[in-house]
Amino acid sequence: MNTTQGQSHQSRQGHGSVRREHAVSTSVLVIGTGGSGLRAAIEVAEAGVDVLAVGKRPKEDAHTSLAAGGINAALATMDPEDTWAQHAADTIKESYDLANPRTVEIVTQGAAEGIADLERYGMDFAKEDDGRISQRFFGAHTWRRTAFAGDYTGLEIQRTLIHRAGALEIPILDRVYITKLLVADGRIFGAYGFDVIDGTGYRIHADAVILAAGGHNRIWRRTSSRRDENTGDSFRLAVEAGARLRDAELVQFHPSGIIEPENAAGTLVSEAARGEGGILTNGLGERFMERYDPERMELSTRDRVALAAYTEIAEGRGTEGGGVWLDVSHLPRETIMNRLPRVFQTLMETQMLDITRSPIEIAPTAHYSMGGVWVDPVDHSTDVEGLWAIGEASSGLHGANRLGGNSLIELLVFGRIVGRSAVAYSDGLEAQVRSRDAVAEARDEIADLLASEGTENVRALQREVRNLMTEHAGVVRDEAGLQAGLEKLAAIEERIANVGIHPDIAGFADLSHAFDLKSSVLAARATLECALERRETRGCHNRSDYPEQDPSLQVNLVWSPQAGVVREGIPEVDPEVAALMRTDEISQVGKLVE
Numbered sequence: 298m299n300t301t302q303g304q305s306h307q308s309r310q311g312h313g314s315v316r317r318e319h320a321v322s323t324s325v326l327v328i329g330t331g332g333s334g335l336r337a338a339i340e341v342a343e344a345g346v347d348v349l350a351v352g353k354r355p356k357e358d359a360h361t362s363l364a365a366g367g368i369n370a371a372l373a374t375m376d377p378e379d380t381w382a383q384h385a386a387d388t389i390k391e392s393y394d395l396a397n398p399r400t401v402e403i404v405t406q407g408a409a410e411g412i413a414d415l416e417r418y419g420m421d422f423a424k425e426d427d428g429r430i431s432q433r434f435f436g437a438h439t440w441r442r443t444a445f446a447g448d449y450t451g452l453e454i455q456r457t458l459i460h461r462a463g464a465l466e467i468p469i470l471d472r473v474y475i476t477k478l479l480v481a482d483g484r485i486f487g488a489y490g491f492d493v494i495d496g497t498g499y500r501i502h503a504d505a506v507i508l509a510a511g512g513h514n515r516i517w518r519r520t521s522s523r524r525d526e527n528t529g530d531s532f533r534l535a536v537e538a539g540a541r542l543r544d545a546e547l548v549q550f551h552p553s554g555i556i557e558p559e560n561a562a563g564t565l566v567s568e569a570a571r572g573e574g575g576i577l578t579n580g581l582g583e584r585f586m587e588r589y590d591p592e593r594m595e596l597s598t599r600d601r602v603a604l605a606a607y608t609e610i611a612e613g614r615g616t617e618g619g620g621v622w623l624d625v626s627h628l629p630r631e632t633i634m635n636r637l638p639r640v641f642q643t644l645m646e647t648q649m650l651d652i653t654r655s656p657i658e659i660a661p662t663a664h665y666s667m668g669g670v671w672v673d674p675v676d677h678s679t680d681v682e683g684l685w686a687i688g689e690a691s692s693g694l695h696g697a698n699r700l701g702g703n704s705l706i707e708l709l710v711f712g713r714i715v716g717r718s719a720v721a722y723s724d725g726l727e728a729q730v731r732s733r734d735a736v737a738e739a740r741d742e743i744a745d746l747l748a749s750e751g752t753e754n755v756r757a758l759q760r761e762v763r764n765l766m767t768e769h770a771g772v773v774r775d776e777a778g779l780q781a782g783l784e785k786l787a788a789i790e791e792r793i794a795n796v797g798i799h800p801d802i803a804g805f806a807d808l809s810h811a812f813d814l815k816s817s818v819l820a821a822r823a824t825l826e827c828a829l830e831r832r833e834t835r836g837c838h839n840r841s842d843y844p845e846q847d848p849s850l851q852v853n854l855v856w857s858p859q860a861g862v863v864r865e866g867i868p869e870v871d872p873e874v875a876a877l878m879r880t881d882e883i884s885q886v887g888k889l890v891e
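Below, the structure written as structure tokens:
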């Protein structure tokens, strides 16, 4: 990586000051330093090619580190009958037939190699006494295929990838916010951004760009994402560069996010709490899952439990705080401390609540973007030459309901594939395009915001977006509500032109929030318009005015600002996989839920 600082350009920053700018060149740029971004960067570096990874959050604090349950691969260490084809069949069934079968095959066939990569990098999975990797049931899997490291699997994966990136001396820029992808003649040539602490500009030239900046679930009021992550950055960057989105309406709501305090609303209570025997009751003290899934009760699937809790609250049987109760206090204290340590710690830290004595007030929370940037099912390339998307930024694997444990293996498999694809693309270039106008446009976008005398508060507008998405595009949607949401969103879009940005001694957080807001508004529009078009109930997408599944809507919905929503057909499932797709419900007895 070659870097020159402060000599390329100076521009107005507002308040009479001048912005410095770093100029950086690399072969492959990775935007996002979570698991998918780091895995792709590692693949590029192992090929001996220059790579730079950039993230707006510290790499140690990436969203990947929050994943608790485990990572899927048909290793057959516990159940010799398991195969990649059965894993694929389970994934497609759980997707309500909206997953791309080719993407599913690639992930399930490449999963064992993904686990082997982690072991090669030094990750220590839980093992059986004879040295086999332990695997457990997780969600709607036919066999035990979820490998794990305690209940900190995502954190251990992130640590392992950071360690490997360090050994390869991969340069990583933390706290650099990418505001625009640089495009000339339909081809990527880098990205532009700024340092979130001191505002210094970054002009990064690259042959290829890999977008790994997460999903959009932060645009709901209650979300499992922390502040300033998953605000739809990947969606906006890709769309403004000329790419499209797919299935933006398909968002997984986790049944159990805490309600208080406000700054922690949506923080997850692991579903292991239900798996260990936790009981759900409404504000009247009724064990309400009897109404929705009398056989599986609290061990029902994530989408069903979330819908049940939402219905109880919406019909006036919720708690005073607008939730339901999850109670584990009847379990032995030893069980809670040994099997649910993170749940105990979370509630003690956020609410000073002792879950061995008191129930937890919870409500459904936006958890995972199953849609994302449109990508080719085989190599995850986008509509824009030289641009790839991976991880939660991408789409194709999960359909209308994500199989628990699949997200972590997806980032490993496609991180490897996309890294190799980007290297091959860079090696094959005969010339590098550039556009002074594209760079000037990126600079001016930042400069105009900093010079703005607007009166609209960025954070207040962001809160309005989250409120309207919660009210009109939550667990249950309908035509009138979605239309009302679009009307409110249009008003917010007009007000964005009048925002005021105020950098202070703490840094340029306000500028970051302005771009977060732009991303959130684009992601919200795509979500609302796709949800309006999907006039059916399928998986995570519940339309109260269209309660049945519509066979004609077994399609992906592809969105762009120019074309709106376009239906895209889904390829046929391979006969070998189709023959293994179950028609009955998979028993949850003795299994952890998703």
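Using the working numbering, count along the sequence shown one by one with no gaps and you end on 891.
Idealized CB from N, CA, C, for every residue including glycine.
Note that the coordinates shown come from a computational prediction; the quantities given were computed from them, not determined experimentally.
Exercise for the section: Return the CA-CA distance between Thr450 and Glu707, expressed in angstroms with no decimal places. Expected result: 14 angstroms
Problem - N-terminal and C-terminal residue of the alpha helix (DSSP H) that Ser817 is part of - result: That run of the alpha helix (DSSP H) goes Ala806 to Glu830.
Exercise for the section: Over the uninterrupted beta strand (DSSP E) stretch that includes Leu479, give me the two end residues. Expected result: Val473 to Ala481
Handout entry: Check whether Asp842 and Glu784 have beta carbons under 7 angstroms apart
Key = no
Exercise for the section: Pick helix, strand or coil for Lys353, following the three-state DSSP scheme. Expected result: In this structure, Lys353 counts as coil in the three-state DSSP scheme.
Handout entry: For Ser308, three-class secondary structure by DSSP
Key = Unreliable positioning characterises Ser308 in this predicted model, as indicated by a pLDDT of 47, which lies under 50. A coordinate reading is not provided.
Problem - CA-to-CA distance, Val852 to Glu833, given in whole angstroms - result: 12 angstroms
Handout entry: At least 3 beta-carbon pairs within less than 8 angstroms: the region 485-496 vs the region 816-827
Key = no
Practice task
Identify every run of the beta strand (DSSP E) within the region 554-588, keeping only runs that are complete inside it and at least 3 residues long; order them along the chain.
Solution key: 576-578
Exercise for the section: Pick out whichever of Arg456, Val346, Pro398 and Val351 has its Cα sitting closest to the Cα of Val874. Expected result: The shortest C-alpha to C-alpha distance from Val874 to any of Arg456, Val346, Pro398 and Val351 is the one to Pro398.
Practice task
Could you check what DSSP says for Gly552 in three-state terms: helix, strand or coil?
Solution key: It should be noted that the sequence gives Pro, not Gly, for residue 552. In this structure, Pro552 counts as strand in the three-state DSSP scheme.
Practice task
Spell out the partners DSSP gives Lys785 in its beta bridges.
Solution key: Partner(s): none; Lys785 has no beta bridge.
Exercise for the section: Along the beta strand (DSSP E) that carries Gly498, what are the first and last residues, could you check? Expected result: Gly498 to Leu508
Handout entry: alpha helix (DSSP H) segment containing Pro638, residue limits
Key = Pro638 -> alpha helix (DSSP H) spans Pro638 to Gln648.
Exercise for the section: Please say whether Gly683 and Ile485 have beta carbons closer to each other than 7 angstroms? Expected result: yes
Practice task
Would you mind stating whether Ala350 and Gly331 have Cβ atoms separated by less than 7 angstroms?
Solution key: no
Problem - Reference Ala821, options Phe532, Ile469 and His360, closest by Cα - result: Out of Phe532, Ile469 and His360, Phe532 has the C-alpha closest to the C-alpha of Ala821.
Practice task
Would you kindly work out how many angstroms separate the C-alpha atoms of Glu343 and Arg519, rounded to a whole number?
Solution key: Inter-residue distance for Glu343 and Arg519 is about 40 angstroms (C-alpha atoms, whole angstroms).
Problem - Cβ-Cβ distance between Ser817 and Thr528 below 7 angstroms - result: Yes, these two residues count as a Cβ contact at 7 angstroms.
Handout entry: In DSSP terms, what Arg840 is bridged to
Key = Answer by DSSP bridge pairing, in chain order: Arg774.
Handout entry: Proximity below 7 angstroms, CB of Ala660 to CB of Gly620
Key = yes
Practice task
Find out if the Cβ-Cβ distance for the pair Asp387, Thr439 is shorter than 7 angstroms.
Solution key: At the C-beta level, Asp387 and Thr439 come within 7 angstroms of one another.
Handout entry: Three-state class that DSSP yields for Glu612 in the structure shown
Key = coil
Problem - Gly693 classed as buried or exposed, judged by whether at least 16 other C-beta atoms fall within 10 angstroms - result: With 16 or more other Cβ atoms within 10 Å, it is buried.
Practice task
Give every residue of the same chain whose Cβ lies closer than 7 angstroms to the Cβ of Tyr474, excluding the five residues on either side of it in the sequence, and list them in chain order.
Solution key: Lys353, Gly490, Phe491, Val493, Ser809 and Phe812
Practice task
Pull up the distance between the alpha-carbon of Val755 and that of Arg792, whole angstroms please.
Solution key: 10 angstroms
Handout entry: Beta bridge counterpart(s) of Asn853 as assigned by DSSP
Key = Glu865
Practice task
Pull up the CB-CB distance for Gly782 and His799, whole angstroms please, since I reckon it's below 8 angstroms.
Solution key: So it is not a contact: roughly 29 angstroms between Cβ atoms.
Practice task
In the DSSP assignment, find the unbroken beta strand (DSSP E) run with His664 in it and report its ends.
Solution key: Ile657 to Ser666
Exercise for the section: Using three-state DSSP, classify Glu425 as helix, strand or coil. Expected result: coil
Exercise for the section: Taking 7 angstroms as the cut-off, decide whether the C-beta atoms of Gly615 and Ile556 are in contact. Expected result: no
Handout entry: Assigned secondary structure, Thr880 (DSSP; H/G/I helix, E/B strand, else coil)
Key = Judged by DSSP in its simplified three-state form, Thr880 adopts coil rather than helix or strand.
Problem - Cβ shell of Tyr897 (< 6 angstroms), same chain only, five flanking positions each side left out - result: Shown here, the chain extends from 298 to 891; a query on residue 897 therefore has no answer.
Handout entry: the region 669-681 in contact with the region 365-381 per 3-pair CB rule at 8 angstroms
Key = no
Practice task
Under 6 angstroms Cβ to Cβ from Glu579, same chain only, skipping five residues before and after it: list those, please.
Solution key: The residue you asked about is not Glu; residue 579 is Asn in the sequence shown. So the list reads Phe585, Glu609, Arg614 and Val621, once near-sequence residues are dropped.
Handout entry: Span of the beta strand (DSSP E), counted from its first residue to its last, around Glu318
Key = Glu318 to Ile328
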